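Numbering (the working numbering), first residue to last: 123 to 182.
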């Protein structure tokens with residue numbers, strides 16, 4: 123598979139310079155999947171508990 127360049131060489135040079143400059147780069151914290159999993163577990167359990175209590179309130 124060949125990669126064809128659709129830009130003129132001088133335009134491609136400008137694009138390459140811009141991409142290397144780091145203008146749009148942001149420093150991010152590392153992704154923490156276990157933290158996300160913990161948050162999801164807490165939310166799902168909280169909503170489940172709230173729905174059970176609401177059902178008990180309505181039924182009784």
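Using N, Cα and C, we set each Cβ at its ideal position, and we do this for glycine too. Computed from a predicted model, the values in this text were never measured in an experiment.
DSSP three-state call for residue 182: helix, strand or coil?
coil
Limits of the alpha helix (DSSP H) - the one that residue 138 falls within
131-143 is the span of the alpha helix (DSSP H), which, as asked, contains residue 138.
Can you tell me the Cα-Cα spacing of residue 142 and residue 159, whole angstroms?
35 Å
Taking only three categories from DSSP, how would you classify residue 154?
coil
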